[in-house]
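One structure is given below, encoded as structure tokens.
There are 6 protein chains.
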Amino acid sequence: MSESERRIIAYHEGGHALVAYHLPEADTVNRVTILPRGQSLGVTQFTAEEDRYNYSRQSLMARIAVGLGGRAAEELTFGADHVTTGAENDLQVVTDIARNMVTRWGMSEQVGVVFADYRADGGGAGLNMQRIDNPAQSRTLIADESGNLSLNGQFIPARQHAFAMLAPGANKPSSVSMASTIDLEVQRILNEGYAIARTLLQDHRDQLIKLANSLMEQEQLDRKQFQALLQE
Amino acid sequence: MSESERRIIAYHEGGHALVAYHLPEADTVNRVTILPRGQSLGVTQFTAEEDRYNYSRQSLMARIAVGLGGRAAEELTFGADHVTTGAENDLQVVTDIARNMVTRWGMSEQVGVVFADYRADGGGAGLNMQRIDNPAQSRTLIADESGNLSLNGQFIPARQHAFAMLAPGANKPSSVSMASTIDLEVQRILNEGYAIARTLLQDHRDQLIKLANSLMEQEQLDRKQFQALLQE
Amino acid sequence: MSESERRIIAYHEGGHALVAYHLPEADTVNRVTILPRGQSLGVTQFTAEEDRYNYSRQSLMARIAVGLGGRAAEELTFGADHVTTGAENDLQVVTDIARNMVTRWGMSEQVGVVFADYRADGGGAGLNMQRIDNPAQSRTLIADESGNLSLNGQFIPARQHAFAMLAPGANKPSSVSMASTIDLEVQRILNEGYAIARTLLQDHRDQLIKLANSLMEQEQLDRKQFQALLQE
Amino acid sequence: MSESERRIIAYHEGGHALVAYHLPEADTVNRVTILPRGQSLGVTQFTAEEDRYNYSRQSLMARIAVGLGGRAAEELTFGADHVTTGAENDLQVVTDIARNMVTRWGMSEQVGVVFADYRADGGGAGLNMQRIDNPAQSRTLIADESGNLSLNGQFIPARQHAFAMLAPGANKPSSVSMASTIDLEVQRILNEGYAIARTLLQDHRDQLIKLANSLMEQEQLDRKQFQALLQE
Amino acid sequence: MSESERRIIAYHEGGHALVAYHLPEADTVNRVTILPRGQSLGVTQFTAEEDRYNYSRQSLMARIAVGLGGRAAEELTFGADHVTTGAENDLQVVTDIARNMVTRWGMSEQVGVVFADYRADGGGAGLNMQRIDNPAQSRTLIADESGNLSLNGQFIPARQHAFAMLAPGANKPSSVSMASTIDLEVQRILNEGYAIARTLLQDHRDQLIKLANSLMEQEQLDRKQFQALLQE
Amino acid sequence: MSESERRIIAYHEGGHALVAYHLPEADTVNRVTILPRGQSLGVTQFTAEEDRYNYSRQSLMARIAVGLGGRAAEELTFGADHVTTGAENDLQVVTDIARNMVTRWGMSEQVGVVFADYRADGGGAGLNMQRIDNPAQSRTLIADESGNLSLNGQFIPARQHAFAMLAPGANKPSSVSMASTIDLEVQRILNEGYAIARTLLQDHRDQLIKLANSLMEQEQLDRKQFQALLQE
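See below:
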């Protein structure tokens, strides 16, 4: 790999790590490396301070900003004409998060508390609060799409229910206008996240340069080295 | 699980339960818990006073408000930037109910008494009044999509019919403009339900705090404990 | 089942029956019951005075009004906030009829004499006049989609043809604007049918109450009992 | 079958036959019957004076007018509220013809000489002029979708070609606006055909009544009887 | 076949041939016939002066004009009301060419140098310049959709590439507005081609009549007979 | 092959090569040939100075300009009416690149840092930076679509994560308006690339003629011959 490519990767990974370093809601940087390994040209790895079950809007915005920190560092350092294809996976990840915020987590005011996820497959259930109570008795209680209950295949009147379902059923197609509103909200959230990343990196340009140079020299920084470097 | 995550779950479940407590049309809270169990991080369980066969518009609105009570409690307590992904399943359930109100149950004035459910699969038949009369004779009477009758595979003139069908057939695609109207009605109903939940919780903020604190201490409240706590 | 649910069902079934009683074009009520049976919570059964092969626009409008009579009775008696999910199947049936009127039977002036049924499957052929003449000779005469004829698999010049086809082929997708016009016409027809039902029930409110009360007491009325009750 | 249903069918079939009788471009009526047979309630059968290979715009318009003659006779005789579902197959046939005129035969000025048939399956090849020259040599000459030629599976430079293809390949989806233009043109053509039928029947109302009465008495008229009746 | 049908076919085939005769960019007419053969009612066959690998915009416009020459001759001779279904295949062929000009060959200014072919199957590769260099070594070099290279299944850095791909991958759906622009451009090109054909035939009406008459008498003209007739 | 076709191919390949020669960001021309080989009528082959892992916006624009150099040379030399179908594959390749720039690489300001690739299949992962850290332990860590982690099939709280996913999951359909914006941006980028190519060739018309003539004489130029010719 040429020096110029290594330089780009160093700034890209440095961008991810530095944005995370300055965002209180972001996870802690555990390791940054530009050592190629398999299909990977560089990695920034994170550790949360504690187990995570649910994510707040703020922590998701932080994750988006961190995800766009690589591209933002490239643009800031090399100019808009020299940003690279290296951000493809980052864009995929942050677009996924932003779309989920809008369509599954009710975090866009324009769309509101609508579950509007119209992807082909229903998606994973997420690691969120799932409030299903498996009845202790060995009876099969099935809550169907309409919220109706049947027990061991028998229709039963809906006398008792827990307020939630494990797998509430197929996604629905939304209207053209709803899809449009969703896409605009996703764009808005990503632009907001990019602005956060860009501003942070601009404010700490010296640190970015120091971090990238250090990565080009040492190829890898663990959590302690990373923090020591920035606290010098 | 961290204390801060437990706190969020306690307020979330407390929100469901408290909205139900104050809405006459809602089912009775049977148990509230923040004990994790399987994939479940918390449960609010309900019991209806009697068997239910059909649901009125009002009781469905109550169910939506209860379902959004968790998110409303989060927003009220921690602020809009700290609402969590924990409402995902709630949103799925209430969106299902609202969409059914609009497309299957004729409960939106804008859409009217049209059956406009255009989901890929026809959905369950619901637990509603089904007025089919299985003829006592062992003849197979089939009412086809066009309302035509055939008996034992033979075409028969339509001399006698019961006014309904068991499975009236495939869903039809609706127009782009109808889909748009439907989505707007679904949004409107959900916003209305959210406003009900938010107002109730704001009016009973002291009870919400007491309930959440009690859940964090005791982890679970049964129906009696729950009612005693709020009637103190 | 609670008394309040039985009451709703009695008014709902009574609504179907009473609208039919007052519409000359409607079929004759043969039996009304609120005895649950299988998945059925209530049945209103009809008998035509004679075999039916084709249906006039007027008799279809009557069928729609009868089908919406249940919901109209609920709304009139209990108020708009208390209409129930019990009308789901009714809505499905009347929407089917209205859509067929518009897309298959040329009964909407806006759409005109266009066959515009764009449902996924072609639907049954209906019990209408089918003017195909199976040639007595054991030759296979196939009329293809373009109106071309082939005999025993051989292409033949189109010298003789009967004016119709048995199965004129696949449905075509219609344009977005046509789909929109169709949906609006379906809505218009259903609103018209609902208004007919509502007006009739309002004009005969005493009969509706008497009928519902009688159903709650006796659970079932046959044709004679039904007519006697209303002619008292 | 009731007399009133037979009367409707007699007027319906009479309408088809009478429109054909008065349109020079229409095929000759060979037989009219209201004898039910299989699924058929009535038949109007035609014979062309000679073999037909291609159809002119005028003869297709005649066919549409004849096809809508049944419905027009119903409307004229019984009023718009009493038109029946019996025209379903007629509508399917004439809509097919009109759509082909617009999308396959270049007969709509708005759409022009575009092949715009975007149905799921390509449809039959039609009985039109097909100008393919099967080369006498036993070589397989394949003209692909792009007009390129390959011989016995070998790519060959396009030195010789006949101006046409047997099966020019898959249909293409057209744009939303094209689909809209097509639907409007189809509607326009059908309305034009309906107006022709209605005017002809209005101008010959006496003949229509005489024809329907004769059909109700005799159930069937062959070519001679039919022509004799109208020439009385 | 009736004389009147033969007459139509003679003018139709004559139209193809005469337009080709007067367009310098068109291929040479090799044979014209109205002898039915198999499903073919008439053929106009062409020979290029030399092998063809690529086609210029001008030669494609000529091919469209020739293809529409049959319909243009019908309209000119018999009037717009008497044009026949016989042009169906011609329309399919010329629409294919026009669509390819717009969506695959960058020959519409409105659409520009975009590859915008969004048909279900990718279509053949065409007989155009394909600039792939199969490396002499027996290594499998695969250029994937993103322009990335892998060698014998191994990911390799993109050090060497030929500027093109053999099968650049799946077609992409285009937007509604792009599809609309494409359809309008296709219409525009076909109208232009039709105008060319119509003008040429109008200017050489005598030749068209002579050619059609000769075809009706002799049924077939080879290249020499055809040219001799027109050079008389 | 005729001389006139060889001439077109010589100018077409010369156009590719000359644009690359004058664009500093383009790869180096390794060979130009108009020797037909297999389905190939001409090849321009490139070598990068070093291994490439990521591509900058500028180098992608150069690749587009080079790809459109063939068509630009045809238009410049023979006129807009004589451009050929030979550019089909070039258009496919450059449209792919432009679409990826807009939908996968965040290189269009209008669309922004959104991953908006809505093609049917997800496409290859690209040769970009992929920052996945395969944990050394033989545990299977799966990052699902929502960014949730599971370890050996067990749900685990998200304590540690690397900021990226290997295969972030299915593509999502975008809205109609987003698709429209994307298509316009793709057109804009391609028009920009075409303008670059056209300007360069116009400025170096003498070289283009010299190069084409040399190709017609010698049929093939290797890197040295190519560079010598232009540096004369």
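Protein chains in written order, with the numbering used here: chain A, -8 to 223; chain B, -8 to 223; chain C, -8 to 223; chain D, -8 to 223; chain E, -8 to 223; chain F, -8 to 223.
Even for Gly, the Cβ is constructed at its ideal location relative to N, Cα and C.
Note that the coordinates shown come from a computational prediction; the quantities given were computed from them, not determined experimentally.
Cβ pair Phe106 of chain A, Thr19 of chain B closer than 8 Å:
Going by C-beta atoms, Phe106 of chain A is not nearer than 8 Å to Thr19 of chain B.
Quick one: which chain C residues come within Cβ less than 7 Å of Asn45 of chain B?
Taking a Cβ-Cβ cut-off of 7 Å, the neighbours of Asn45 of chain B in chain C comprise Glu(-4), Ile(-1), Thr75, Thr76, Gly77, given in sequence order.
Over the uninterrupted alpha helix (DSSP H) stretch that includes Asn257 of chain E, give me the two end residues.
As displayed, chain E neither begins before -8 nor continues past 223, which places residue 257 of chain E out of reach and without an answer.
Quick check on the DSSP output: the beta strand (DSSP E) that includes Asn21 of chain A runs from which residue to which?
For Asn21 of chain A, the enclosing beta strand (DSSP E) covers residues 19 to 24.
Say whether chain D places a C-beta atom closer than 8 Å to the C-beta of Phe217 of chain C.
No - not a single Cβ of chain D is within 8 Å of the one on Phe217 of chain C.
Below 8 Å between beta carbons: does that hold for Thr68 of chain A and Tyr2 of chain A?
Yes. Within cutoff.
By DSSP, does Arg28 of chain F sit in helix, in strand, or in coil?
Reduced to three states, the DSSP call for Arg28 of chain F is strand.
contact_flag[the stretch 75 to 91 of chain C, the stretch 210 to 220 of chain C] where n(CB pairs < 8 Å) is 3 or more
Short answer: they don't touch.
With H, G and I counted as helix, E and B as strand and the rest as coil, what does DSSP make of Ala222 of chain B?
It should be noted that the sequence gives Gln, not Ala, for residue 222 of chain B. Secondary structure of Gln222 of chain B (DSSP, three-state): helix.
Mapping DSSP to helix, strand and coil, what is Pro148 of chain A?
In this prediction, Pro148 of chain A has a pLDDT of 42, which is less than 50 and means its spatial position is unreliable; nothing more can be read from the coordinates.
Hey, Leu192 of chain A and Leu59 of chain A are a contact pair by Cβ (cut 8 Å); roughly how many whole angstroms apart?
Not confirmed; about 10 Å, so no contact.
Within chain C, the residues that Thr68 of chain D reaches when beta carbons sit closer than 7 Å
For Thr68 of chain D, there are no C-beta contacts with chain C under 7 Å, since the nearest C-beta of that chain is about 12 Å from it.
Following the continuous beta strand (DSSP E) through Gln225 of chain A, name the residue where it begins and the one where it ends.
The structure shown does not extend to residue 225 of chain A, since chain A spans only -8 to 223, so no value can be given for it.
Would you say Phe265 of chain C reaches chain D, if we count a Cβ-Cβ gap shorter than 8 Å as a contact?
This structure does not reach residue 265 of chain C, given that chain C is present from -8 up to 223, and the question cannot be answered.
Check the Cβ-Cβ distances between Leu181 of chain B and every residue of chain A, and say whether any is below 8 Å.
Yes, contact with chain A.
Along the chain, where does the beta strand (DSSP E) containing Asp72 of chain B start, and where does it finish?
Asp72 of chain B -> no beta strand (DSSP E), and no H or E assigned at all.
Is there a C-beta anywhere in chain F that falls below 8 Å from the one on Ser99 of chain A?
By this cut-off, Ser99 of chain A is not an interface position.
Between Ala63 of chain A and Arg196 of chain A, which are expected to be in contact by the criterion C-beta below 8 Å, what is the C-beta distance as a whole number of angstroms?
Not quite, the Cβ-Cβ distance comes to about 11 Å (not below 8 Å), so this is no contact.
Starting from Gln211 of chain B and walking both ways along the alpha helix (DSSP H), at which residues does that stretch end?
In the DSSP annotation of this structure, Gln211 of chain B is not part of any alpha helix (DSSP H); the continuous beta strand (DSSP E) holding it starts and ends at 211 to 213.
Could you tell me whether the stretch 165 to 176 of chain A touches the stretch 165 to 175 of chain B, using the rule of 3 or more Cβ pairs below 8 Å?
Touching, yes.
Looking at the structure shown, is Ser166 of chain F part of a helix, part of a strand, or coil, going by DSSP?
Coil at Ser166 of chain F, not helix or strand.
With burial defined as no fewer than 16 other Cβ atoms inside 10 Å of the residue's Cβ, what is the status of Leu32 of chain B: buried or exposed?
Leu32 of chain B counts as buried, since at least 16 other C-beta atoms from the protein chains shown sit within 10 angstroms of its C-beta.
Compute the beta-carbon to beta-carbon distance between Val93 of chain F and Glu41 of chain F, rounded to the nearest angstrom, for a pair I have assumed lies under 8 Å.
That pair is no contact at about 27 Å.
What do you reckon, are the CB atoms on Ser47 of chain A and His73 of chain B nearer than 8 Å?
Cβ atoms of Ser47 of chain A and His73 of chain B: closer than 8 Å.
Ser171 of chain A - partner residues in DSSP beta bridges:
Listed as beta-bridge partners of Ser171 of chain A by DSSP are no residues whatsoever.
Does the distance from the CB of Leu199 of chain B to the CB of Gly5 of chain B come in under 8 Å?
It is a contact, given that the beta carbons lie within the stated cut-off.
Hey, out of F:Ile0, F:Leu14, F:Ser(-7), F:Ile(-1), whose CA is closest to Asp194 of chain F's CA?
Nearest of F:Ile0, F:Leu14, F:Ser(-7), F:Ile(-1) to Asp194 of chain F, Cα basis: F:Leu14.
What are the residues in the stretch 47 to 63 of chain D lying within 7 Å of chain C by C-beta distance?
Shown in chain order are the members of the stretch 47 to 63 of chain D whose Cβ falls below 7 Å from a Cβ of chain C: Val57, Gly58, Leu59, Arg62.
Burial state of Leu26 of chain A, where buried means 16 or more other Cβ atoms lie within 10 Å:
So Leu26 of chain A counts as exposed.
Spatial neighbours of Thr75 of chain C in its chain, beta-carbon cut-off 7 Å, leaving aside the 5 residues before and after
Hits under 7 Å: Ile(-1), Glu65.
Here's a check: name, in chain order, each residue in its chain whose Cβ is nearer than 6 Å to the Cβ of Gly97 of chain E, leaving out the five neighbours to either side.
Take Gly97 of chain E, set aside five residues on each side of it, and the residues of its chain with a beta-carbon closer than 6 Å to its own are Val104, in chain order.
Sequence-distant residues of the same chain with beta carbon closer than 7 Å to Ala53 of chain B, five excluded per side:
Excluding positions up to five away in sequence, the list reads Leu14, Glu16, Ala17.
Go to Arg(-3) of chain B, then tell me how far its alpha helix (DSSP H) extends in each direction, as first and last residue.
Where Arg(-3) of chain B is concerned, the enclosing alpha helix (DSSP H) starts and stops at -6 to 13.
Are the C-beta of Thr19 of chain E and some C-beta of chain F separated by less than 8 Å?
No, Thr19 of chain E lies away from the interface with chain F (no Cβ there is under 8 Å from its Cβ).
Give the single residue among B:Glu(-4), B:Ser(-5), B:Arg(-3), B:Asn21 whose Cα lies nearest to the Cα of Gln216 of chain B.
Nearest C-alpha to Gln216 of chain B: B:Asn21.
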